[in-house]
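Peer 1: I am attaching a structure below and will ask some questions about it afterwards.
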Amino acid sequence: MNYIQIANKIYKERYSDAEFLMLAGSIIRGEGTETSDLDIVVIYEKVDKAFRESFIYEGTMVEVFAHDMSTLKYFIYNLDYNEGRPVMATMINEGMVIPSETKLSNELKTLAREHIKKGPKITNPEKIDSMRYNITNLLDDLKDSRNRHEQMAIAVRLYEDLAELYFRTKGYWRGKGKSIVRIMKKYNPDFALRYNESFDLLFKKEDSSKVMELGEELLNFVGGYLFEGYKLEGNKEWRID
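Letter by letter, the sequence shown follows residues -3 to 237 in the numbering used here.
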């Protein structure tokens, strides 16, 4: 299946009034499968508001993210930056321009590269403490889990939470879900391998020892386990009389 041809047809049939589109995602990285969808960023001269839409085209699932320059900057510099995940910048940086490159597409790629190079927003201490507290509780629960079902439920949470703590405390752009280890490999292949092996041992053999070690190591990097003295306060307005 020629995804570039499909992207060109989509451009002509659905988005011909746009400046161009960018074909991105796993397809462009060479990691696509038969069931991979097409991630497409559509750039207009001007839109009333950014939008996202999904459809099936000739049997292929397609996800479209439509923007103009100003909405794209908002997503890159505000939403994605605050989340610590350069989703839109990465799609722009990696994307293949359809039907052909323009001055604007080159400007966007430069913008995206510079943003990615800059790195994510520094995580504030309150957020780190919140993560420490939650991970402390999860590791305690994992240590005392009573059956495989409890163990698996806790492990699923830890897989995401430990990765986020790793990315944030190292000052790295973070991954989420299936992108965690792929992004982790870019920064530290050895650690990514350990991460995979630790959770493989837990999921396949119900042995949580390596995940416990991994969790303790990551927590120690930011002050260790946190329970005693941790406090959160609600807002004064949180009441119904």
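Where a beta carbon is used, it is the ideal one built from N, C-alpha and C, also for glycine.
Values in this document were obtained by computation on a predicted structure and should not be read as measured data.
What does the Cβ neighbour count give for Leu74, buried or exposed, with the cut at 16 atoms within 10 Å?
Peer 2: In the sequence as presented, Leu is not what sits at residue 74; that position holds Asn. With a threshold of 16 other beta carbon atoms within 10 Å, Asn74 falls short and is exposed.
Peer 1: Considering Tyr162, what are the terminal residues of the alpha helix (DSSP H) in which it resides?
Peer 2: Arg144 to Lys166
Peer 1: Among Ala108, Ile94, Gly55 and Lys174, whose alpha-carbon lies nearest the alpha-carbon of Tyr70?
Peer 2: Ala108
Peer 1: If you pair each beta-carbon of the stretch 2 to 19 with each one of the stretch 80 to 96, do three or more pairs fall below 8 Å?
Peer 2: Under the 8 Å Cβ criterion, the stretch 2 to 19 counts as touching the stretch 80 to 96, having at least three qualifying pairs.
Peer 1: Looking at the strands, I want to know which residues DSSP matches up with Tyr53.
Peer 2: Thr56
Peer 1: Decide if the stretch 129 to 145 is in contact with the stretch 178 to 191; the criterion is three or more beta carbon pairs, one per stretch, under 8 Å apart.
Peer 2: no
Peer 1: Compute the beta-carbon to beta-carbon distance between Ile24 and Val60, rounded to the nearest angstrom, for a pair I have assumed lies under 8 Å.
Peer 2: So it is not a contact: roughly 15 Å between Cβ atoms.
Peer 1: Spell out the partners DSSP gives Ala20 in its beta bridges.
Peer 2: Asp35
Peer 1: Measuring only the C-alpha atoms, how far is Pro116 from Arg128?
Peer 2: Between the C-alpha atoms of Pro116 and Arg128 there is a straight-line separation of about 20 Å.
Peer 1: Applying the criterion that 16 or more other CB atoms from any shown protein chain within 10 Å of the CB defines a buried residue, is Leu228 buried or exposed?
Peer 2: Exposed, by the Cβ-count rule.
Peer 1: I'd like to confirm the pairing. Which residues does DSSP put opposite His63 in its beta bridges?
Peer 2: Ile39
Peer 1: Please state if the CB of Arg178 and the CB of Arg81 are separated by a distance shorter than 7 Å.
Peer 2: no
Peer 1: Is the stretch 151 to 161 close to the stretch 50 to 68, with three or more CB pairs under 8 Å?
Peer 2: Under the three-pair Cβ rule at 8 Å, the stretch 151 to 161 does not count as touching the stretch 50 to 68.
Peer 1: Would you kindly check if the distance between the Cβ of Asp76 and the Cβ of Met84 is under 7 Å?
Peer 2: yes
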